[in-house]
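S.K.: First residue of the sequence shown? That's 1 in the UniProt record's numbering, and the numbers climb one at a time after it.
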Amino acid sequence: MSDTRNASKVVLAAYLGWTLDAFDFFIMIFVFDDVAKTFGVGLTTASLAITLTLAMRAVGALIFGRLADKYGRRPVMMANILCFSALELLSGLAPTLLAFMVLRALFGIAMGGEWGVGGSLTMESVPAKWRGWVSGLLQAGYPSGYLLATLAYGIFNQWLGWRGLFIIGALPALLVVYIRRNVPESPDWHARQARPRTPIMEVLRRHAGLTVYAVILMAAFNFFSHGTQDIYPKAFLKVQHGFSHGTITAIAITYNIGAMLGGLCFGALSQKIGRRRAIVIAAVLSLPIIPLWAFSNSPWLLALGAFLMQFMVQGAWGVIPAHLNELSPADIRGTFPGFVYQLGNFLASYNATLQTAIGAHYNHNYSYALAGVAGVVAVVIAVLVAFGIERRDMIMGRAA
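(1) Using 8 angstroms for Cβ pairs, my map puts Pro-172 next to Ile-81. What's the rounded Cβ distance?
(2) Cα-Cα, which of Thr-356, Val-379, Phe-307 and Val-215 is closest to Val-284?
(3) Where Arg-398 and Phe-336 are concerned, what is the direct C-alpha to C-alpha distance, given to the nearest angstrom?
(4) On a CA-only basis, which of Leu-98, Ala-128, Val-59 and Ile-155 is nearest Trp-115? Give me that one, please.
(5) Quick check: what's the CA-CA separation for Leu-370 versus Leu-217?
(6) In whole angstroms, what separates the C-alpha of Val-385 from that of Phe-223?
(7) Give a yes or no on contact between the segment 28-38 and the segment 127-143, applying the rule of three or more CB pairs nearer than 8 angstroms.
(8) Please list, in chain order, all residues of the same chain as Ala-294 whose beta carbon is under 6 angstroms from its beta carbon, the five residues on each side excluded.
(9) Among Leu-261, Ala-382, Gly-344 and Ala-235, which residue has its Cα nearest to the Cα of Tyr-362?
(10) Do the CB positions of Pro-299 and Thr-122 come within less than 9 angstroms of each other?
(11) According to DSSP, is Ala-170 helix, strand or coil?
(12) When you compare only the Cα positions, how much space is there between Gly-164 and Ala-268?
(13) Please confirm if the segment 309-325 is in contact with the segment 190-210, defined as three or more CB-CB distances below 8 angstroms between the two stretches.
(14) Could you tell me the alpha carbon to alpha carbon distance between Leu-12 and Thr-356, rounded to whole angstroms?
(15) Three or more C-beta pairs closer than 8 angstroms, one from the segment 83-93 and one from the segment 301-317: is that the case here?
(16) I need the boundaries of the alpha helix (DSSP H) containing Ser-225, first residue and last residue.
(17) Out of curiosity, what's the CA-to-CA distance linking Asn-297 and Pro-291?
(18) Using the rule of at least 16 other Cβ atoms within 10 Å of the residue's Cβ for burial, across every protein chain shown, is Thr-4 buried or exposed?
(19) Rounded to whole angstroms, what's the CA-CA distance from Trp-189 to Ala-278? Just pull it up for me.
(20) Can you find the residues in the same chain that come closer than 7 angstroms, C-beta to C-beta, to Val-117, ignoring five residues on each side of it along the sequence?
(21) So, Phe-16 versus Tyr-153, is the Cβ gap smaller than 9 angstroms?
(22) Inspect the beta-carbon positions of Leu-147 and Met-260 and report whether they are closer than 9 angstroms.
(23) I need the straight-line Cα distance from Ala-330 to Val-126, nearest angstrom please.
(24) Quick one: Cα of Gly-112 to Cα of Trp-159, how far?
(25) Pairs of beta-carbons, one from the segment 96-107 and one from the segment 45-59, closer than 8 angstroms: are there three or more?
(26) Spatial neighbours of Tyr-350 within its chain, please: CB distance less than 7 angstroms, with the 5 preceding and 5 following residues excluded, ordered by chain position.
(27) Note down, in chain order, each residue of its chain lying with its Cβ closer than 8 angstroms to the Cβ of Ile-231, except the 5 sequence neighbours on either side.
(28) Relative to the C-alpha of Ala-219, which candidate in Asn-6, Ala-55, Ala-14 and Phe-25 has its C-alpha closest?
(29) According to DSSP, is Phe-25 part of a helix, a strand, or is it coil?
(30) Just reading off the alpha helix (DSSP H) that Trp-293 is part of, what are its end residues?
(31) Measuring straight from C-alpha to C-alpha, what distance separates Val-373 and Gly-262?
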């Protein structure tokens, strides 16, 4: 009973950590047009702040992942949360565009560490039979953060402005108090401390094929998520369709609810039918939704299309925390999942700038940019996963 209670506390902390991290990230996608106006630049230039954040996440995954493998998941997770909260606060106080861009790059480093460290702590702490639904819950933290950012933007933006929203983003630092008081260290990490430590480069050389495969897969996954999310509210719904603040907020709330439900459903489903099969089903089912999602004109049809699209996108993503931790070499599990995820993110980091540039070329019609990216990467993911491997029954932490 004590183990189950401790595992539940770990799950809650990791879910909240990723939720609040995502909240801080997604504030930017709602206000980058306001940031552009403040600093007197265009949307494409302002979108570079998103690109810098995504690009630097791989650096953070490596730094914080190595620290987590050496010093433990729990203390590094706390340090990670304090870092991204402080940088979010400073972003709201940035006096110049250059300072803002530097702070968003540093925020990317801090953000890059949280997912991998929180995921390894969780998967090493929960019973094996929990992994599927817990994976879905952890990944649901991402759209949960998006939903919180949507609500914050909808409620507070008119009074606080973009700077005030970034200052609110410092509140996740309070989660450290809960982690310090309630969350135990990973039992798997404790067990490995008595064993000789293998250098990371040696481990990666031994698993070079797996590493390359995982990076390519995560690049496709990041194009899948960011390609369907980052420019959708402001460039597509506001600029292209001219929807009001309230309509954009309502649609964003709708598709984030779909994203959370998708992650939970497919994460749990993967425990029964397998990780690969669940991912392939979600990716393939997203394809017939694209016309409704990207080419409708009615806000009601766009809301429906967005709900269904994010159900499938985050449905596929909901399997990833368990899948990557199960594939990871045990000696570097604090580093490997987060690093390959964020390195893939680096390869996909140009997405927002690419999509806004394509939209500008088509006279601010972003439908083709959205549909093109989503359609291509859905097929790529289905193929890569179908011919890949999985280790659903591997033993780690409390799995035994």
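We treat Cβ as the ideally placed atom computed from N, Cα and C, and that holds for glycine.
M.R.: Looking at the coordinates:
(1) 6 angstroms
(2) Val-379
(3) Here Arg-398 scores only 46 on pLDDT, less than 50, and its place in the model should not be relied on; the value that follows carries that caveat. So the alpha carbons of these two residues sit roughly 20 angstroms apart.
(4) Cα-wise, what sits closest to Trp-115 is Val-59.
(5) 20 angstroms
(6) 15 angstroms
(7) Fewer than three beta-carbon pairs drawn from the segment 28-38 and the segment 127-143 are found closer than 8 angstroms, and the two stretches are therefore not classed as touching.
(8) Ser-367, Leu-370 and Ala-371
(9) Ala-235
(10) no
(11) It is coil, neither helix nor strand.
(12) 38 angstroms
(13) no
(14) 36 angstroms
(15) no
(16) 208-229
(17) Distance from the CA of Asn-297 to the CA of Pro-291, rounded to the nearest whole angstrom, comes to 11 angstroms.
(18) exposed
(19) 29 angstroms
(20) Phe-64, Gly-65, Ala-68, Arg-73, Val-76, Met-77, Asn-80, Gly-334 and Gly-338
(21) The question names Phe, but residue 16 is Leu in the sequence shown. No, the Cβ-Cβ distance between Leu-16 and Tyr-153 is not below 9 angstroms.
(22) Cβ atoms of Leu-147 and Met-260: closer than 9 angstroms.
(23) 16 angstroms
(24) Looking at the two C-alpha atoms, the distance is approximately 31 angstroms.
(25) yes
(26) Thr-51
(27) Ile-29, Ser-47, Ala-352, Gln-355, Thr-356, Gly-359, Tyr-366, Ala-369 and Leu-370
(28) Ala-55
(29) helix
(30) Per DSSP, Trp-293 belongs to the alpha helix (DSSP H) from 290-295.
(31) 20 angstroms
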